[in-house]
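Residue numbers (our numbering), protein chains in the order written: chain A, 4 to 114; chain B, 4 to 114. All C-beta atoms, glycine included, are put in the ideal place defined by N, C-alpha and C. Values in this document were obtained by computation on a predicted structure and should not be read as measured data. Read the structure below first, then the notes.
There are 2 protein chains.
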Amino acid sequence: MVKYKTQELNHIFHALSDPTRRSILRDLGGREKTVGQIAQPYRMSLAAISKHLKVLEMARLIDRRKEGSHQFVRLNPETLKTANEWISYYEQFWNDRLEALRNLLEEGDST
Amino acid sequence: MVKYKTQELNHIFHALSDPTRRSILRDLGGREKTVGQIAQPYRMSLAAISKHLKVLEMARLIDRRKEGSHQFVRLNPETLKTANEWISYYEQFWNDRLEALRNLLEEGDST
DNA sequence: TTTATATTTAACCATATGGTTAAATATATC
DNA sequence: GATATATTTAACCATATGGTTAAATATAAA
Numbered sequence: 004m005v006k007y008k009t010q011e012l013n014h015i016f017h018a019l020s021d022p023t024r025r026s027i028l029r030d031l032g033g034r035e036k037t038v039g040q041i042a043q044p045y046r047m048s049l050a051a052i053s054k055h056l057k058v059l060e061m062a063r064l065i066d067r068r069k070e071g072s073h074q075f076v077r078l079n080p081e082t083l084k085t086a087n088e089w090i091s092y093y094e095q096f097w098n099d100r101l102e103a104l105r106n107l108l109e110e111g112d113s114t
Numbered sequence: 004m005v006k007y008k009t010q011e012l013n014h015i016f017h018a019l020s021d022p023t024r025r026s027i028l029r030d031l032g033g034r035e036k037t038v039g040q041i042a043q044p045y046r047m048s049l050a051a052i053s054k055h056l057k058v059l060e061m062a063r064l065i066d067r068r069k070e071g072s073h074q075f076v077r078l079n080p081e082t083l084k085t086a087n088e089w090i091s092y093y094e095q096f097w098n099d100r101l102e103a104l105r106n107l108l109e110e111g112d113s114t
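Next up, the structure:
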């Protein structure tokens with residue numbers, strides 16, 4: 004059984020709760036981009052994008068690679084897996100419990 | 004392909020970003036509880052728990068059933084599925100892209 | 001060395017968040 | 001009706017969030 008670190012999950016889910024950040028992650032699919040390239044489609048300032056990237060980085064949803072004056076930003080899909088595992092675990096857990104509850108109720112009805 | 008509603012995802016991920024709320028969801032596994040029962044293990048006030056429940060309700064992660072002066076709160080696992088689907092979709096999407104990228108690079112190396 | 005480009009940091013602002021205590025509301029019970 | 005119980009709402013507070021513009025920093029290019 005996986006042990007989830009509270010802080011880690013706080014950061015991941017918080018990062019995912021903002022539509023701009025989800026959009027950035029989406030745009031990053033599989034290829035590296037510079038900060039400028041990431042910012043380009045958005046109407047907000049570069050400073051704002053920079054902050055969003057910091058939040059994504061804190062959550063370890065992205066990695067950065069510095070090369071001269073540019074930075075290359077890329078996804079870290081491993082982290083998304085953490086969130087996925089947390090959710091999947093509880094989803095399963097709850098579904099099992101709910102089913103157990105249903106069975107119990109049926110039993111009560113039929114006897 | 005599923006279409007995810009922005010607001011819905013905002014609410015779900017925001018709700019999940021707080022450890023108290025995740026803990027409440029965990030405690031609710033499969034059985035209904037009253038607000039008082041939910042609050043019991045926590046050191047914070049009932050008012051604070053009430054607010055957390057409102058956030059979870061807004062995200063449709065829980066449902067409520069009123070019965071006299073009590074309320075029964077229960078999970079809505081359907082919503083967790085929404086979050087799970089979003090994450091799984093992008094995880095897959097990214098992994099595919101990353102693999103494509105890797106293949107491309109290998110090709111470049113070997114020829 | 002100057003200048004242009006890429007990115008972050010600082011200072012600021014309005015609103016949201018997560019908590020508190022006290023008052024309000026709704027139902028149950030005496 | 002009066003009182004106890006369950007829960008929410010209101011008012012408040014400190015800190016966080018998501019944005020802005022302007023200044024700072026770092027590298028590249030002339």
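Cβ-based burial, residue i [other Cβ within 10 Å; buried from 16]
i, result
"B:L12", "buried"
"B:P80", "buried"
"B:S48", "exposed"
"A:A50", "exposed"
Contacts around residue i, its chain only, beta-carbon distance under 8 Å, and the 5 residues preceding and following it disregarded
i, result
"B:I41", "I27, D30, L31, I52, L56, V76"
"A:A18", "R24, V58, L59, M61, A62, L64"
Straight-line gap, residue i to residue j (C-alpha atoms, nearest Å)
i, j, result
"B:Y92", "A:I90", "14 Å"
"B:V38", "B:H73", "8 Å"
"B:E70", "B:R34", "16 Å"
"B:K84", "A:W97", "11 Å"
"A:L59", "B:Q95", "19 Å"
"A:D21", "B:F16", "8 Å"
"A:R46", "A:K36", "18 Å"
"A:K54", "B:E102", "29 Å"
"B:A86", "B:R67", "21 Å"
"B:Q43", "A:P44", "48 Å"
"B:Q10", "A:H14", "19 Å"
"A:K8", "B:R100", "28 Å"
Sequence-distant residues of its chain with Cβ nearer than 7 Å to residue i (five each side left out)
i, result
"A:R63", "N79, T82"
- Message: Please give me, in chain order, every unbroken run of the beta strand (DSSP E) with length at least 3 that falls completely inside the segment 14 to 64 of chain A.
- Response: none
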